[in-house]
Amino acid sequence: MNAKIKGYTLGAIAAATYGMNPLFALPLYSDGMDADSVLFFRYLFAIPILGIMIKARGRSFRLNRREILPLVALGLLVAASSLTLFLSYNYMDAGIASTILFVYPIMVALIMAMVFKEKITLQTAFCILLALAGIGMLYQGGDGATLSLAGTLFVLASALTYAIYIVGINQSSLKNVATLKVTFYILLFGVSLFLVRLDFGQAVTLPQKWYMWSNLIALAIFPTAISFLCTTSAIQYIGSTPTAILGALEPVTAVIIGVTVFGEALTPRILCGILMIIAAVTLIIAGGRITVHLVRFRKMFPRLPLKHHHKKE
Numbered sequence: 001m002n003a004k005i006k007g008y009t010l011g012a013i014a015a016a017t018y019g020m021n022p023l024f025a026l027p028l029y030s031d032g033m034d035a036d037s038v039l040f041f042r043y044l045f046a047i048p049i050l051g052i053m054i055k056a057r058g059r060s061f062r063l064n065r066r067e068i069l070p071l072v073a074l075g076l077l078v079a080a081s082s083l084t085l086f087l088s089y090n091y092m093d094a095g096i097a098s099t100i101l102f103v104y105p106i107m108v109a110l111i112m113a114m115v116f117k118e119k120i121t122l123q124t125a126f127c128i129l130l131a132l133a134g135i136g137m138l139y140q141g142g143d144g145a146t147l148s149l150a151g152t153l154f155v156l157a158s159a160l161t162y163a164i165y166i167v168g169i170n171q172s173s174l175k176n177v178a179t180l181k182v183t184f185y186i187l188l189f190g191v192s193l194f195l196v197r198l199d200f201g202q203a204v205t206l207p208q209k210w211y212m213w214s215n216l217i218a219l220a221i222f223p224t225a226i227s228f229l230c231t232t233s234a235i236q237y238i239g240s241t242p243t244a245i246l247g248a249l250e251p252v253t254a255v256i257i258g259v260t261v262f263g264e265a266l267t268p269r270i271l272c273g274i275l276m277i278i279a280a281v282t283l284i285i286a287g288g289r290i291t292v293h294l295v296r297f298r299k300m301f302p303r304l305p306l307k308h309h310h311k312k313e
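Each step along the sequence shown adds one to the number in UniProt numbering, with nothing skipped, and position 306 is 306.
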């Protein structure tokens with residue numbers, strides 16, 4: 001298998017495994033768990049997996065003092081983003097939530113324009129309007145019912161906190177810290193949000209059925225460790241722009257799982273809205289102006305730029 005095929009395959013696996021979030025989370029909700037408890041265990045189980053990866057690569061866990069505060073802040077941002085996304089699953093179909101979440105690269109472009117005075121091109125403006133029109137199509141359901149306002153606000157808050165996190169990590173002192181180490185500490189500090197919200201473990205809900213623990217472990221492995229490893233490898237083979245564009249498979253996977261496994265609706269209107277959002281975000285990423293800020297992120301994991309790779313972009 002040549003390097004390009006390998007890169008595209010790994011990029012597709014990374015996006016598809018991230019899109020598996022609802023597959024493991026929704027049965028846990030049905031089993032009586034709440035979003036905070038699900039995420040608490042997801043982070044808790046992912047931390048040792050990443051710790052083992054760091055040890056296996058012979059990397060150090062040491063941090064400079066000036067790196068601690070940015071890591072705490074970014075860890076809490078990622079945790080807030082995860083929490084608002086998982087809360088939105090209580091109010092709307094997971095496939096639609098995952099699609100609306102996918103507007104985060106557009107939010108990154110807007111933040112870069114407003115805060116760092118980056119110019120908004122005509123293409124960016126068109127993509128923003130296209131994405132908004134797509135969300136409008138999703139908001140008006142096929143049977144005339146509208147999406148839950150609370151669910152929509154939760155998922156938009158998730159996209160916004162994630163966009164702030166992406167911009168923040170690219171502007172902070174963490175730019176040159178090893179990816180695995182940043183990820184490990186972001187999860188470590190992020191888990192504290194759920195710990196506090198769960199009254200330091202007093203309010204945690206556990207799965208009722210023993211086999212549901214496998215869903216919690218799967219959340220730590222598939223949308224977390226595997227997505228992270230495959231994304232990092234994909235960038236080495238094909239670069240950040242194609243890898244970011246392949247991220248469109250995240251909402252596609254979530255929609256397919258939602259429709260086939262959980263019986264979620266897929267009307268022509270919803271399909272049209274999903275395609276409009278994916279097209280808008282793909283155009284934004286392909287434009288290349290903000291790809292440097294997206295630097296291969298999956299929803300929970302920062303990927304830092306590989307220096308030798310900039311030539312290919």
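All residues carry an ideal CB built from backbone N, CA and C; glycine is no exception.
Keep in mind it's a predicted model, so treat the numbers as computed, not measured.
Option nearest residue i by Cα separation, candidates the options
i, options, result
"Tyr18", "Met114, Ile221, Pro242 and Arg62", "Ile221"
"Phe102", "Gln123, Lys117 and Gly134", "Gly134"
"Gly7", "Tyr237, Trp210 and Gln123", "Tyr237"
"Ile277", "Pro70, Thr260, Leu216 and Pro105", "Pro105"
"Ile256", "Thr99, Gly58, Ala113 and Ser82", "Thr99"
"Ala12", "Ile217, Thr260, Ile274 and Ser227", "Ser227"
"Val259", "Asp93, Asp199 and Thr152", "Asp93"
"Tyr165", "Thr121, Leu63, Arg59 and Met107", "Met107"
"residue 376", "Leu10, Phe24 and Ala16", "In the structure displayed, the chain extends from 1 to 313; residue 376 sits before or after that span and is not available."
"Pro251", "Pro223, Ser233 and Ala234", "Pro223"
"Val191", "Pro27, Ile274, Pro22 and Phe41", "Phe41"
"Ala163", "Leu195, Val115 and Ala56", "Val115"
"Ala218", "Leu28, Leu10 and Ile5", "Leu28"
"Tyr91", "Ser148, Leu71 and Ala254", "Ser148"
"Asn64", "Phe262, Ile274, Leu195 and Val177", "Val177"
"Ile274", "Val72, Ala97 and Gly58", "Ala97"
Same chain, Cβ closer than 6 Å to residue i, neighbours up to 5 away in sequence not counted
i, result
"Leu193", "Leu76 and Ala79"
"Arg197", "Asp36"
"Gly187", "For clarity, residue 187 is Leu in the given sequence; the question names Gly instead. Contacts found: Tyr43, Ala46 and Ile47."
"Ala3", "Tyr237"
"Gly247", "Ala15"
"Leu266", "Val259"
"Met20", "Phe222 and Pro223"
"Val292", "Low confidence applies here, because Val292 scores a pLDDT of 48, under 50, leaving its location unreliable; read the following figure in that light. So the list is empty, once near-sequence residues are dropped."
Residues of its chain near residue i, where Cβ-Cβ distance is below 7 Å and the 5 sequence neighbours each way are ignored
i, result
"Ile54", "Phe61, Leu180, Lys181 and Phe184"
"Ala279", "Leu130"
"Trp213", "Pro207"
"Ile5", "none"
"Leu26", "Tyr89, Ala94 and Phe262"
"Thr9", "none"
Three-way DSSP call (helix, strand, coil) for residue i in this model
i, result
"Leu265", "Looking at the sequence itself, residue 265 is Ala, so the reference to Leu does not match. Ala265: coil per DSSP, three-state reduction."
"Leu23", "helix"
"Val182", "helix"
"Ser148", "coil"
"residue 353", "This structure leaves residue 353 out entirely; the chain is present only between 1 and 313."
"Phe102", "coil"
"Lys119", "coil"
"Ser227", "helix"
"Ala3", "helix"
"Leu219", "helix"
"Val292", "No answer about Val292 holds up, because its pLDDT of 48 lies below 50 and its placement is not dependable."
"Gln208", "coil"
"Phe194", "helix"
"Asp36", "helix"
"Phe86", "helix"
"Tyr91", "coil"
CB of residue i within 7 Å of CB of residue j, strictly
i, j, result
"Cys272", "Ala14", "no"
"Gln208", "Asp31", "yes"
"Phe154", "Leu87", "yes"
"Val167", "Ile111", "yes"
"Leu39", "Ser82", "yes"
"Glu264", "Gly136", "no"
"Ala109", "Thr121", "no"
"Ile52", "Ala225", "no"
"Arg269", "Ser173", "no"
"Pro22", "Ala254", "yes"
Chain-order list of residues whose beta-carbon lies under 8 Å from that of residue i (same chain, five-residue window excluded)
i, result
"Thr84", "Phe154, Val155, Ala157, Ser158 and Thr161"
"Leu216", "Phe24, Leu28, Val38, Phe41, Arg42, Phe45 and Pro207"
Contact with chain B by residue i, beta-carbon distance below 7 Å
i, result
"Lys4", "Of the protein chains in this structure there is only one, and it is not chain B."
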